Each structure stands twice: as C-alpha cells, then as structure tokens.
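Below: the structure, in structure tokens.
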Amino acid sequence: MEMMTKQHLVQQNGFLDIEVDPSLDLSSEIIKLKKEKKAVILAHYYQESEIQDIADFVGDSLQLSQAAAKTEADMIAFAGVHFMAETAKILSPQKKVLIPDLKAGCSLSDSCPAPLFAKFKEKYPDHIVVSYVNCSAELKTLTDICCTSSNAVHVINSIPKDRGIIFAPDKNLGAYLEKTTGRNMVLWNGACMVHEIFSRERIVKLMHRHPEAKVIAHPECEEAVLQLADYIGSTSGLLNYTIKSEAKEFIVVTEAGILHQMQKANPGKDFIPAPPNNHCSCNECPHMKRNTLEKLYLCLKYEIPEINLSEKVITDARTCINRMLEISDKAGLKI
Ligand code: 13P
Ligand code: SF4
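Numbered by our numbering, the letters in the sequence shown go through residues 958 to 1292 in order.
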C-alpha cells in the first residue's frame, strides 16, 4: 500500500483501517516485528490485558516516562493515549514513536486547551505552573513542573511555601493535593470522564455486600468517592497496596484494566471493579480501549501512526518533564 494512502487512512480513522489475516497469531507476529525493528512496547495499566501481556514494560504514567527516557531501542510503540506517546517523543526525540491509534485521546487533556490556559495563566504572573502529565505537549510548554499521580505530592512539596501555584488540568487531583499538602492552589476546572463518574452510592452498596474489602481509589476521583477509600494512589500505588495488604478482597475505584495485573500478582485475592453512575458494572476508558492487538500489529508493521512534534515544542516541553524526573529521582521514586 502506498504511503500516501496509509497516511490518508490514519488521518481519517486515527489508525490503519486495513484487513488483517484472521489466521495470524498476532502475539507472535508482534514479537517478531519488535525484534526485527529493535522496538520496545510500552503499555499503560489501562490497556487490554492481551496488550499488557505482550508489552516489554507495563506501568503508570511516571514509570512509562522513565522507561521511555531510558530505553536504548530505535523505536517505541506506545500502547496508551496520545499525551503519553507525546511524552515519550519529548524524552526520546531521536526515536520513532508509534501509537496504535492516533485518536486515543484523553478527556482530561482535552479539557485544558493551551491557548485558553495561556490567557488564564496571565492572571497569575507570579505563580508556578504545575501540570499533571495528562495534558498536551503544547500545555507542557506553558508549564514549570510536570507531575504524575505517583509524584504529585513530592512535586508540590518541592515548591517554596511562599510561591503561589496554578495546578492544571485536573480539579479532583488538585483538590486531593490541596488536602494532602496543605497548600492552596489555583485549580484549572478539568476532570477525567472515567474517574468523575464513579457512583458513591453504588460503591457504598458494594461495601455493605463485602464488609471485609478494602476500598482503593485513584486521586482523579471526586472527593465524595475518595472519602470512602482506605488507600488513595496512582495505578502502581494501588497495585503495590494490593500486594502488601493482608486483605483478601478489594473494591478497585479506577479504570478496570488495572485488575489484570492485580489478579496476576495476587492469586487467591478478589478484585471487584467499582461501578460508574450508569448501568455498567465496571468503568473503562474509551480512549485507552481504542488500542487493540490488531492496531498494535499494524502500527509496528507499517510504522504508522507516528507521533511528530516540532523541535520547539520538544525543547520547551522537555524542561517541565525533566524537572519532574529530577524531583522523582531525588525522592527515590524509581521503576
Ligand atoms: P497513573 O497510571 O499515572 O496513575 O494515571 C492514571 C491515568 O488516568 C492515566 O490516564
Ligand atoms: Fe484520560 Fe481519564 Fe482515560 Fe486516563 S482514564 S486517559 S485521564 S480519560
């Protein structure tokens, strides 16, 4: 297929919408392609379990950024969402960074368009801007320090107490950080479409049915839901908690993809996905779930869709990510 046609397909659909031989063993084909092309596959915990199982590295946002910064591979296939693949490109500009579906976006990132944020920021000229990594590369160019849910507390605590802080784009993580660090911050009014729809009422009912279960929640959830939690943390924090805890049952208040690693790491323990405020029994991110094994195979085979960023965006966005990585290294937050 001509490159133009392939580019056109990607522009239209976000991925190479071409037929794959149904008799192919996709997992072994992907492993073959990966070796041939000296590629590394990074997958977020919210990916389909079959993608997690084939990845070289599965992790949370911080771990994936660290892995992207360190890898020696020529190519990175990023099974995650767009801002994550952009972060990998910013950290490894000389590498080809592929994403199985270019339209795997993020509602939280989309809730904070860079031009609007630039205007907002003008109102607080003396404030330090801390942005959650779930934002566009362009927003990162307007940011002083980036953070993930694993290192956000360390990042906020590293800022002198007399400096004002703007925190973007997640108001829920922002409110949680205000409570944990005792700092008042100017919060951008954004939220994650997955974490903001957990139903407190349905979780309380589950807690009655499973009185021994520990409730573990991601800080992107609303305050009313976080109040129910025995433990609050990033995806890797939640996973580690289930490993260390003596409890046998857990109500997991984050995207359901993480249950795969929890079950693998804890045979004999039970994991109950917390329900959203609709008729579904678990909560999945439609953006994360756009990636499939087929799309991963096609992107490695044809090396498209690729993440491309201008040199200026890469240089300007890199500073805030490097500051975050330095703070994480100092705090010993390593993969
Ligand atoms: P972490 O894996 O860093 O906790 O992030 C969760 C998330 O929502 C990623 O999109
Ligand atoms: Fe974005 Fe929420 Fe999906 Fe994470 S779970 S990618 S924050 S929409």
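For every residue, glycine included, the Cβ atom is placed at its ideal position computed from N, Cα and C.
None of the values given here were measured: they were computed from a predicted structure.
In this structure the stretch 1105-1117 lies against the stretch 1171-1191, because at least three pairs of beta carbons, one per stretch, are closer than 8 Å.
A distance below 6 Å between beta-carbons, with the five flanking residues on each side excluded, links Pro-1262 to the following residues of its chain, in chain order: Val-967, Ile-1056 and Leu-1059. In this structure, DSSP gives Glu-1206 an extended state, which the three-state scheme calls strand. With contacts defined by Cβ atoms closer than 9 Å, Arg-1247 and Phe-1074 do not form a contacting pair. Cys-1237 is positioned such that its CB atom lies no closer than 9 Å to that of Ile-1102. The distance from the Cβ of Cys-1178 to that of Glu-1212 is about 11 Å, inconsistent with a contact at the 8 Å cut-off. Linking Asn-970 to Leu-1195 through their CA atoms gives a straight-line distance of about 34 Å. In the DSSP assignment, Lys-1269 falls outside any beta strand (DSSP E) and within the unbroken alpha helix (DSSP H) covering 1268-1287. For Asp-1083, the distance from the CB to the nearest heavy atom of the ligand 13P is not below 8 Å. At a threshold of 8 Å, Tyr-1188 does not count as near the ligand 13P, since its beta carbon sits no closer than that to any of the ligand's heavy atoms. Taken from the Cβ of Tyr-1002, every heavy atom of the ligand SF4 lies 8 Å or farther away.
Each residue's CA atom was taken as its position, placing Ala-1026 and Ile-1116 some 24 Å apart. For His-1152, the Cβ falls inside the 8 Å cut-off from some heavy atom of the ligand 13P. Sequence-distant Cβ neighbours of Leu-990 in its own chain, meaning closer than 8 Å and more than five residues away, are Ala-996, Tyr-1254, Leu-1257 and Lys-1258. Taking a cut-off of 8 Å on C-beta distances, the stretch 1063-1074 does not touch the stretch 973-981, as fewer than three cross pairs fall below it. Distances from the CB of Cys-1277 to the heavy atoms of the ligand 13P are all 8 Å or more. Taking C-beta separations shorter than 7 Å and ignoring five residues to either side along the sequence, the partners of Glu-1135 in its chain run Asn-1141 and Met-1142, following chain order. For Met-1142, the three-state secondary structure derived from DSSP is coil. Check the Cα spacing between Ala-1186 and each of Gly-1214, Phe-1155 and Ile-1200: the tightest is with Phe-1155. Annotation: Arg-1275 to Gly-1139 spans about 28 Å, alpha carbon to alpha carbon. Residues lining the ligand 13P by the Cβ criterion, that is a Cβ closer than 5 Å to any of its heavy atoms, are Asp-1017, Ser-1018, Thr-1105, Ser-1106, Ser-1191 and Thr-1192 in chain order. Around the beta-carbon of Glu-1268, fewer than 16 other beta-carbon atoms lie within 10 Å, marking it exposed. Look at Ser-1064: its beta carbon is less than 8 Å from one of the heavy atoms in the ligand SF4. His-1001: member of the beta strand (DSSP E) spanning 996-1001, first to last residue. By DSSP's assignment, Val-1054 forms a beta bridge with Ile-1033. Taking a cut-off of 8 Å for Cβ pairs, the stretch 1161-1172 and the stretch 1116-1132 do not touch, as fewer than three such pairs fall below it.
When DSSP reads this structure, Phe-1124 sits in a beta bridge with Val-1087 and Leu-1144.
The Cβ atoms of Leu-1250 and Pro-1230 lie no closer than 9 Å to each other. In the three-state reduction of the DSSP assignment, Gly-1225 falls in the coil class, being assigned neither a helical nor a strand state. Membership of Lys-1060 in any beta strand (DSSP E) is not indicated, and neither H nor E is assigned to it by DSSP.
Sequence-distant partners of Phe-1014 (beyond 5 residues in either direction) whose C-beta falls short of 6 Å from its own C-beta, in its chain, are Leu-999 and Ala-1024.
Scanning its chain for C-beta atoms nearer than 8 Å, with the 5 sequence neighbours on each side dropped, one finds around Lys-1128 the residues Leu-1144, Trp-1145, Asn-1146, Gly-1147 and Ala-1148, in chain order. In the DSSP annotation of this structure, Lys-1080 is not part of any beta strand (DSSP E), being labelled neither H nor E.
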